[in-house]
């Protein structure tokens with residue numbers, strides 16, 4: 175019973191963390207793209223800029239870095255298993 | 020206001036520090052002098068300083084708790100400095116922490132009791148052990164630290180490096196810096212633009228009001244023949 179309770183708490187916390195990190199990561203990525211564009215083209219037309227950034231974002235959404243955020247779910251399980259093994 | 024803020028900050032840091040001091044593992048170099056099982060009738064004061072019944076059992080109002088008595092080298096300054104002589108009496112409780120809190124996931128308290136009995140020794144022929152534990156000893160409230168593991172050591176003068184705590188504080192700092200970065204990013208990208216927009220809107224409303232007021236004033240002025 176306690177175990178289920180722990181699982182629920184763990185799941186809620188890691189899910190919150192997952193969303194927080196993914197929003198943050200997306201925001202950082204977008205900012206990077208914007209800065210890159212500003213560096214490459216002084217001004218430039220806004221349609222091309224939007225296309226460039228949206229393209230970059232789509233690339234990110236399908237990229238490997240985004241998948242790394244799943245580690246938020248994996249790492250605690252590994253840690254708990256390690257501690258369980260070490261204490262008992 | 021500034022004083023109040025500092026005061027609140029000091030209290031928060033103090034409580035966080037006490038919390039970590041209670042929960043994080045510490046090591047004692049000791050000689051086990053005996054083990055006991057004593058029934059504990061918990062009061063509302065010391066109940067939170069004990070864990071729950073072993074994970075296969077059900078929790079009653081009172082229960083038997085295993086204890087380990089040792090003579091240990093006294094520790095000072097959060098365990099960073101250790102006294103030379105093992106002349107400090109310490110009593111540990113030996114309870115399962117189970118699945119929840121604190122997250123030591125200890126289920127082997129009975130086995131640990133067996134290990135403690137195996138390593139019981141006299142002052143004349145001492146067997147030295149390193150005892151990992153968390154928690155506080157308080158004589159007035161009958162509170163004991165919880166022993167997590169017992170390891171035989173050869174040299175009672177050895178230095179123990181608290182690797183876990185070092186890693187923990189590094190991870191804690193990294194976590195705090197990460198949260199700060201998330202917050203700054205959020206403020207820069209989401210909060211400030213929105214607030215700017217709201218601020219602009221407000222400026223426009225204020226400007227409109229001022230405009231209408233001045234028109235009203237002019238009209239009043241015209242009535243009074245100015």
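Chains as they are written, first to last, in the numbering used here: chain A, 175 to 262; chain B, 20 to 245.
Cβ coordinates follow ideal geometry from the N, Cα and C atoms, glycine included.
Being a predicted model, the structure only gives us computed values, none of them experimental.
- Identification of residues in the region 250–261 of chain A having a C-beta nearer than 7 Å to some C-beta of chain B yields 254, 257, 258, 261, given in sequence order.
- The DSSP-derived three-state label of residue 239(B) is helix.
- In summary, residue 132(B) is buried, with 16 or more beta-carbon neighbours lying within 10 Å of its beta-carbon over all protein chains present.
- One alpha carbon belongs to residue 245(A), the other to residue 259(A), and they sit about 21 Å apart.
- For residue 55(B), the enclosing beta strand (DSSP E) covers residues 45–60.
- The three-state secondary structure of residue 221(B), taken from DSSP, is helix.
- Judged by beta-carbon spacing, residue 78(B) lies within the 7 Å limit of residue 71(B), meaning their Cβ atoms are closer than that value.
- Against chain A, the beta carbon of residue 127(B) has neighbours under 7 Å at 262, listed in chain order.
- Interface flag for residue 198(A) against chain B is set, since a Cβ pair is found closer than 7 Å.
- For residue 205(B), the secondary structure class from DSSP, reduced to helix, strand or coil, is helix.
- A distance below 8 Å between beta-carbons, with the five flanking residues on each side excluded, links residue 153(B) to the following residues of its chain, in chain order: 41, 42, 43, 44, 45, 121, 123, 164, 165, 167.
- Counting other Cβ atoms within 10 Å of its Cβ, residue 86(B) reaches 16 or more and is therefore classed as buried.
- Here the region 219–237 of chain A does not lie against the region 227–239 of chain B, with fewer than 3 beta-carbon pairs under 8 Å apart.
- Sorting 193(B), 183(B), 172(B), 173(B) by C-alpha distance to the C-alpha of residue 257(A) places 183(B) at the top.
- Nearest Cα to residue 68(B) within the set 208(B), 116(B), 140(B): 116(B).
- For residue 85(B), the enclosing beta strand (DSSP E) begins and ends at 81–91.
- Judged by their CB atoms, residue 128(B) and residue 113(B) are nearer to each other than the 7 Å cut-off.
- For residue 176(A), the C-beta contacts it makes with chain B under 7 Å involve 74, 117, 118, 119, in order along the chain.
- A direct Cα-to-Cα measurement between residue 220(B) and residue 212(B) gives close to 12 Å.
- Separation of residue 232(A) and residue 20(B) (C-alpha to C-alpha, rounded to the nearest whole angstrom) is 48 Å.
- When secondary structure is reduced to three states using DSSP, residue 188(A) falls in the helix class.
- In the three-state DSSP reduction, residue 244(A) falls in the coil class, being neither helix nor strand.
- Taking a contact as a CB-CB distance under 8 Å, the pair residue 83(B) and residue 56(B) counts as one, their CB atoms being some 5 Å apart.
- For residue 92(B) against residue 138(B), the beta-carbon gap comes to about 16 Å, at or over 8 Å, which does not count as contact.
- Distances from the alpha-carbon of residue 250(A) to those of 179(A), 177(A), 184(A), 208(A) put 184(A) closest.
- Around the beta carbon of residue 47(B), 16 or more other beta carbons lie within 10 angstroms, which makes this residue buried.
- Contact between residue 119(B) and residue 192(A) is ruled out by a C-beta separation of about 22 Å, above the 8 Å threshold.
- Against chain A, the beta carbon of residue 149(B) has no neighbour under 8 Å; the closest one sits roughly 14 Å away.
- Chain B places a beta carbon closer than 7 Å to that of residue 180(A), counting this residue as a contact.
- Using beta-carbon distances, residue 187(B) does not count as an interface residue toward chain A, since no partner is under 7 Å.
- Shown here for residue 104(B): same chain residues with a beta carbon closer than 8 Å to its own, the five before and five after excluded, namely 92 in chain order.
- Within chain B, not a single residue places a beta-carbon under 7 Å from that of residue 235(A); the smallest gap is close to 18 Å.
- Counting of Cβ neighbours within 10 angstroms places residue 23(B) among the exposed residues, the total staying below 16.
- For residue 41(B), no CB of chain A lies under 7 Å from its own CB, so it is not counted at the interface with that chain.
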